[in-house]
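If you want my numbering, it's the position in the sequence shown, counting the first as 1, plus 1.
Beta carbons: idealized from backbone N, C-alpha and C, even for Gly.
Keep in mind the model is a prediction, meaning the values are calculated, not measured.
Notes for the one structure printed next.
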Amino acid sequence: MKIKDITNFLEEIAPLTYQENYDNCGLIVGDSNTSVNATLITIDCTESIIEEAIERDCNFIIAHHPIIFSSIKKLNGSNYIERTVIKAIKNNIAIYAMHTNLDNVKHGVNARIADKLSLKKCKILAPKKNLPNIGSGIIGELSKPIESMKFLKNLKDIMVTDCIRYTSICRSVINKVAICGGSGSFLLSSAKALEADIYISADFKYHEFFDADNQLIIADIGHYESEQFTKDLIYDLLTKKFTSFAVRLSKVNTNPINYL
(Lines of atoms letter the chains of each structure in order from A and count residues from 1; the text may use other names and numbers.)
(Lines give C-alpha, C1' and ligand atoms only; values in the text may rest on other atoms or scores of the structure.)
Protein backbone atom coordinates (compact mmCIF):
# COMPACT_ATOMS: atom_id res chain seq x y z
CA MET A 1 0.00 0.00 0.00
CA LYS A 2 1.45 3.34 -1.06
CA ILE A 3 0.61 6.76 0.29
CA LYS A 4 -1.00 7.74 -3.00
CA ASP A 5 -3.40 4.76 -2.80
CA ILE A 6 -4.68 6.07 0.51
CA THR A 7 -4.77 9.74 -0.43
CA ASN A 8 -6.48 9.08 -3.76
CA PHE A 9 -9.28 7.34 -1.86
CA LEU A 10 -9.57 10.12 0.71
CA GLU A 11 -9.65 12.75 -2.02
CA GLU A 12 -12.54 10.97 -3.71
CA ILE A 13 -14.50 11.57 -0.51
CA ALA A 14 -13.15 15.06 0.22
CA PRO A 15 -11.57 16.51 -2.95
CA LEU A 16 -8.81 19.06 -2.39
CA THR A 17 -10.75 21.48 -4.61
CA TYR A 18 -13.29 21.81 -1.79
CA GLN A 19 -10.78 23.33 0.64
CA GLU A 20 -10.98 27.05 1.42
CA ASN A 21 -8.49 29.29 -0.38
CA TYR A 22 -6.53 30.01 2.83
CA ASP A 23 -6.05 26.32 3.61
CA ASN A 24 -3.21 23.87 2.93
CA CYS A 25 -4.71 20.39 2.64
CA GLY A 26 -3.05 17.41 1.01
CA LEU A 27 0.38 15.79 1.30
CA ILE A 28 2.52 18.28 3.23
CA VAL A 29 5.62 16.17 3.94
CA GLY A 30 6.73 13.04 2.09
CA ASP A 31 6.67 11.15 -1.20
CA SER A 32 3.33 9.83 -2.45
CA ASN A 33 5.06 6.70 -3.78
CA THR A 34 6.29 5.64 -0.33
CA SER A 35 4.97 2.32 0.97
CA VAL A 36 2.96 2.63 4.19
CA ASN A 37 3.82 0.56 7.26
CA ALA A 38 1.01 1.95 9.39
CA THR A 39 -1.01 5.15 9.58
CA LEU A 40 -1.52 7.36 12.63
CA ILE A 41 -4.61 9.58 12.75
CA THR A 42 -4.63 12.80 14.75
CA ILE A 43 -6.30 16.21 14.99
CA ASP A 44 -3.03 18.15 15.10
CA CYS A 45 0.47 17.21 14.02
CA THR A 46 3.00 18.19 16.69
CA GLU A 47 6.38 16.99 17.87
CA SER A 48 4.69 14.63 20.33
CA ILE A 49 2.68 13.13 17.48
CA ILE A 50 5.85 12.47 15.49
CA GLU A 51 7.34 10.79 18.55
CA GLU A 52 4.21 8.66 18.91
CA ALA A 53 4.43 7.70 15.23
CA ILE A 54 8.03 6.58 15.75
CA GLU A 55 7.12 4.55 18.85
CA ARG A 56 4.18 2.88 17.09
CA ASP A 57 6.03 2.26 13.80
CA CYS A 58 3.80 4.54 11.73
CA ASN A 59 5.42 6.24 8.74
CA PHE A 60 2.30 8.09 7.61
CA ILE A 61 0.32 10.63 9.65
CA ILE A 62 -3.12 11.87 8.67
CA ALA A 63 -4.03 15.05 10.55
CA HIS A 64 -7.10 17.25 10.45
CA HIS A 65 -5.17 20.51 10.88
CA PRO A 66 -2.27 21.19 8.48
CA ILE A 67 1.06 21.63 10.27
CA ILE A 68 1.98 24.27 7.66
CA PHE A 69 -0.54 27.03 6.86
CA SER A 70 1.71 29.76 5.53
CA SER A 71 5.07 29.81 3.80
CA ILE A 72 8.23 28.74 5.61
CA LYS A 73 11.31 30.78 4.67
CA LYS A 74 13.74 28.95 6.95
CA LEU A 75 13.82 25.46 8.39
CA ASN A 76 16.09 25.65 11.43
CA GLY A 77 13.87 24.45 14.27
CA SER A 78 13.11 27.90 15.68
CA ASN A 79 9.45 27.04 16.37
CA TYR A 80 7.25 23.98 16.88
CA ILE A 81 6.17 23.90 13.22
CA GLU A 82 9.74 23.72 11.94
CA ARG A 83 10.77 21.22 14.63
CA THR A 84 7.82 18.98 13.76
CA VAL A 85 8.61 19.04 10.04
CA ILE A 86 12.33 18.41 10.63
CA LYS A 87 11.60 15.48 12.95
CA ALA A 88 9.19 13.99 10.40
CA ILE A 89 11.71 14.28 7.57
CA LYS A 90 14.55 12.84 9.66
CA ASN A 91 12.42 9.82 10.51
CA ASN A 92 10.92 9.33 7.02
CA ILE A 93 7.40 10.08 8.21
CA ALA A 94 4.92 11.58 5.75
CA ILE A 95 2.25 14.06 6.85
CA TYR A 96 -1.12 14.57 5.17
CA ALA A 97 -3.91 16.99 6.13
CA MET A 98 -7.68 16.81 5.61
CA HIS A 99 -9.04 20.11 6.88
CA THR A 100 -11.65 22.35 5.26
CA ASN A 101 -12.12 19.92 2.38
CA LEU A 102 -13.39 17.41 4.98
CA ASP A 103 -15.35 20.17 6.74
CA ASN A 104 -17.12 21.10 3.52
CA VAL A 105 -18.50 17.72 2.45
CA LYS A 106 -21.93 16.71 3.70
CA HIS A 107 -20.74 13.50 5.35
CA GLY A 108 -17.63 15.08 6.85
CA VAL A 109 -16.67 16.68 10.15
CA ASN A 110 -19.99 18.34 10.88
CA ALA A 111 -21.99 15.25 9.99
CA ARG A 112 -20.08 13.30 12.64
CA ILE A 113 -21.10 15.90 15.25
CA ALA A 114 -24.69 15.75 14.00
CA ASP A 115 -24.63 11.95 14.40
CA LYS A 116 -23.39 12.34 17.96
CA LEU A 117 -26.34 14.65 18.68
CA SER A 118 -28.79 12.36 16.81
CA LEU A 119 -29.92 15.11 14.45
CA LYS A 120 -32.36 14.36 11.64
CA LYS A 121 -33.16 16.07 8.32
CA CYS A 122 -29.63 17.45 8.09
CA LYS A 123 -28.49 19.80 5.35
CA ILE A 124 -25.53 22.08 4.72
CA LEU A 125 -25.84 25.30 6.71
CA ALA A 126 -24.14 27.53 4.13
CA PRO A 127 -23.90 25.63 0.81
CA LYS A 128 -21.58 26.81 -1.94
CA LYS A 129 -23.21 28.23 -5.04
CA ASN A 130 -24.83 25.47 -7.16
CA LEU A 131 -23.45 22.81 -4.78
CA PRO A 132 -26.19 22.04 -2.22
CA ASN A 133 -24.22 19.21 -0.59
CA ILE A 134 -20.94 21.12 -0.34
CA GLY A 135 -20.30 23.97 2.06
CA SER A 136 -19.89 25.05 5.66
CA GLY A 137 -21.69 23.75 8.72
CA ILE A 138 -24.78 21.59 9.11
CA ILE A 139 -28.28 22.24 10.39
CA GLY A 140 -30.70 19.56 11.52
CA GLU A 141 -33.50 18.75 13.92
CA LEU A 142 -33.86 16.70 17.07
CA SER A 143 -36.34 13.82 17.07
CA LYS A 144 -38.27 15.80 19.70
CA PRO A 145 -37.72 19.19 21.33
CA ILE A 146 -35.75 19.30 24.58
CA GLU A 147 -35.57 21.93 27.32
CA SER A 148 -32.66 24.26 26.58
CA MET A 149 -30.58 23.84 29.72
CA LYS A 150 -31.01 20.07 29.58
CA PHE A 151 -29.78 20.14 25.99
CA LEU A 152 -26.69 22.13 27.01
CA LYS A 153 -25.89 19.69 29.81
CA ASN A 154 -26.30 16.77 27.40
CA LEU A 155 -24.12 18.61 24.89
CA LYS A 156 -21.35 18.96 27.47
CA ASP A 157 -21.39 15.22 28.12
CA ILE A 158 -21.68 14.14 24.49
CA MET A 159 -18.91 16.45 23.27
CA VAL A 160 -16.67 15.63 26.24
CA THR A 161 -15.92 19.26 27.02
CA ASP A 162 -15.00 20.89 30.33
CA CYS A 163 -16.54 24.21 29.41
CA ILE A 164 -19.39 25.60 27.32
CA ARG A 165 -19.63 29.35 26.86
CA TYR A 166 -23.19 30.25 25.95
CA THR A 167 -25.46 33.25 25.53
CA SER A 168 -28.74 33.94 27.32
CA ILE A 169 -31.34 31.18 27.20
CA CYS A 170 -33.64 32.96 24.76
CA ARG A 171 -35.26 29.72 23.62
CA SER A 172 -37.11 27.62 26.18
CA VAL A 173 -36.69 24.47 24.11
CA ILE A 174 -34.25 23.31 21.44
CA ASN A 175 -35.42 21.65 18.25
CA LYS A 176 -33.41 23.02 15.31
CA VAL A 177 -29.63 22.79 15.80
CA ALA A 178 -26.89 24.42 13.71
CA ILE A 179 -23.29 23.17 13.91
CA CYS A 180 -19.85 24.10 12.68
CA GLY A 181 -16.77 22.28 13.95
CA GLY A 182 -13.84 24.60 14.64
CA SER A 183 -13.97 28.38 14.24
CA GLY A 184 -17.51 29.08 13.14
CA SER A 185 -18.55 32.61 14.07
CA PHE A 186 -18.69 33.48 10.36
CA LEU A 187 -21.78 31.25 10.04
CA LEU A 188 -23.86 32.87 12.78
CA SER A 189 -25.92 34.89 10.30
CA SER A 190 -26.71 31.71 8.36
CA ALA A 191 -27.83 29.94 11.55
CA LYS A 192 -30.11 32.87 12.39
CA ALA A 193 -31.50 33.07 8.85
CA LEU A 194 -32.48 29.38 9.01
CA GLU A 195 -34.08 29.96 12.43
CA ALA A 196 -31.87 27.63 14.42
CA ASP A 197 -32.62 27.48 18.13
CA ILE A 198 -28.95 27.00 18.98
CA TYR A 199 -25.67 27.35 17.13
CA ILE A 200 -22.83 25.10 18.30
CA SER A 201 -19.30 26.02 17.29
CA ALA A 202 -16.08 27.45 18.73
CA ASP A 203 -13.70 30.42 18.95
CA PHE A 204 -16.32 33.14 19.37
CA LYS A 205 -14.86 36.49 20.44
CA TYR A 206 -16.48 38.47 23.25
CA HIS A 207 -18.34 40.95 21.06
CA GLU A 208 -19.53 38.23 18.70
CA PHE A 209 -21.67 36.76 21.48
CA PHE A 210 -23.77 39.95 21.36
CA ASP A 211 -24.58 39.14 17.73
CA ALA A 212 -26.87 36.32 18.89
CA ASP A 213 -29.22 39.22 19.63
CA ASN A 214 -31.70 36.96 21.46
CA GLN A 215 -32.55 35.21 18.20
CA LEU A 216 -30.78 31.98 19.13
CA ILE A 217 -28.38 30.53 21.69
CA ILE A 218 -24.67 30.44 20.88
CA ALA A 219 -22.85 27.50 22.45
CA ASP A 220 -19.06 27.70 22.16
CA ILE A 221 -17.76 24.26 23.12
CA GLY A 222 -14.08 24.75 22.25
CA HIS A 223 -12.18 24.22 19.00
CA TYR A 224 -10.51 20.90 19.78
CA GLU A 225 -13.64 19.60 21.49
CA SER A 226 -15.82 20.36 18.47
CA GLU A 227 -13.50 18.47 16.11
CA GLN A 228 -12.23 15.63 18.29
CA PHE A 229 -14.43 13.00 16.60
CA THR A 230 -12.85 13.76 13.22
CA LYS A 231 -10.20 11.17 14.10
CA ASP A 232 -12.92 8.52 14.35
CA LEU A 233 -14.42 9.66 11.06
CA ILE A 234 -11.12 9.24 9.18
CA TYR A 235 -10.44 5.93 10.95
CA ASP A 236 -13.83 4.56 9.90
CA LEU A 237 -13.33 5.63 6.29
CA LEU A 238 -9.94 3.93 6.05
CA THR A 239 -10.72 0.70 7.89
CA LYS A 240 -13.85 0.10 5.81
CA LYS A 241 -11.90 0.56 2.59
CA PHE A 242 -8.52 -1.00 3.37
CA THR A 243 -7.65 -4.11 5.36
CA SER A 244 -4.05 -4.67 4.33
CA PHE A 245 -2.36 -2.14 6.62
CA ALA A 246 -2.69 -0.88 10.19
CA VAL A 247 -4.66 2.26 11.00
CA ARG A 248 -4.07 3.65 14.47
CA LEU A 249 -5.77 6.43 16.41
CA SER A 250 -3.37 8.75 18.19
CA LYS A 251 -3.44 8.48 21.97
CA VAL A 252 -2.00 11.98 22.40
CA ASN A 253 -4.34 14.82 23.34
CA THR A 254 -3.05 17.74 21.28
CA ASN A 255 -5.51 20.30 22.70
CA PRO A 256 -3.32 23.30 23.68
CA ILE A 257 -6.02 24.67 26.02
CA ASN A 258 -6.53 23.64 29.63
CA TYR A 259 -9.43 24.57 31.92
CA LEU A 260 -9.27 25.23 35.65
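task = Within 10 angstroms of the Cβ of GLY136, are there 16 or more other Cβ atoms? Answer buried if so, exposed if not.
result = One-based indexing of the sequence shown puts residue 136 at position 135. With at least 16 other beta carbons inside 10 angstroms of its own, GLY136 counts as buried.
Cβ-based burial, ARG113 [other Cβ within 10 Å; buried from 16] = Position 112 of the sequence shown, counting from 1, holds the residue named residue 113. Buried, since its Cβ has 16 or more Cβ neighbours within 10 Å.
request  = Look up PRO128 in the DSSP assignment and give the residues it is bridged to.
outcome  = Working through the sequence shown from its first residue, we reach residue 128 at position 127. Under the DSSP definition of a beta bridge, PRO128 partners with GLY136.
request  = Could you please give me the residues that DSSP links to ARG249 through a beta bridge?
outcome  = Taking the first residue of the sequence shown as 1, we reach residue 249 at position 248. Partner(s): LEU41.
task = Please go through the stretch 171-215 and give each complete beta strand (DSSP E) segment of 3 or more residues, from N-terminal end onward.
result = Within the stretch 171-215, the runs of beta strand (DSSP E) that reach at least 3 residues and sit entirely inside it are, in chain order, 174-184, 199-203.
task = With a 10 Å radius around its C-beta and 16 neighbouring C-beta atoms as the bar for buried, classify ALA64 as buried or exposed.
result = In the sequence shown, counting from the first residue as 1, residue 64 sits at position 63. Burial of ALA64 is indicated by the presence of at least 16 other C-beta atoms within 10 angstroms of its C-beta.
task = Taking all protein chains shown into account, decide if ASP45 is buried (16 or more other Cβ within 10 angstroms of its Cβ) or exposed.
result = In the sequence shown, counting from the first residue as 1, residue 45 sits at position 44. ASP45 is buried by the Cβ-count criterion.
ask   = Which of helix, strand or coil does DSSP assign to ASP58?
value = For the purposes of this step, residue 58 is taken as residue 57 along the sequence shown, with counting starting at 1. In the displayed model, ASP58 falls within coil according to three-state DSSP, outside both helix and strand.
key: Distance CB(ILE4)-CB(VAL37) smaller than 8 angstroms   = The residue you call residue 4 lines up with position 3 of the sequence shown. The residue you call residue 37 lines up with position 36 of the sequence shown. Contact: yes.
task = Evaluate GLU226 with the Cβ neighbour count: other Cβ atoms within 10 Å of its Cβ, from every protein chain shown; 16 or more gives buried, anything less gives exposed.
result = Indexing the sequence shown from 1 puts residue 226 at position 225. So GLU226 ends up on the buried side.
request  = State the DSSP-derived secondary structure class of ILE221, mapped to helix, strand or coil.
outcome  = The sequence position of residue 221 within the sequence shown is 220, counting from 1. The sequence shown places Asp at residue 221, not Ile. Looking at ASP221 - three-state DSSP - the assignment turns out to be strand.
Closest residue to ASN254 among LYS232, SER245, ALA220 (Cα-Cα distance) = By 1-based counting over the sequence shown, the position of residue 254 is 253. It is LYS232 whose Cα lies nearest to the Cα of ASN254.
query = Where does SER119 sit, in a helix, a strand or coil, going by DSSP?
reply = Sequence index remark: in the sequence shown, residue 119 carries index 118 (1-based). Reduced to three states, the DSSP call for SER119 is coil.
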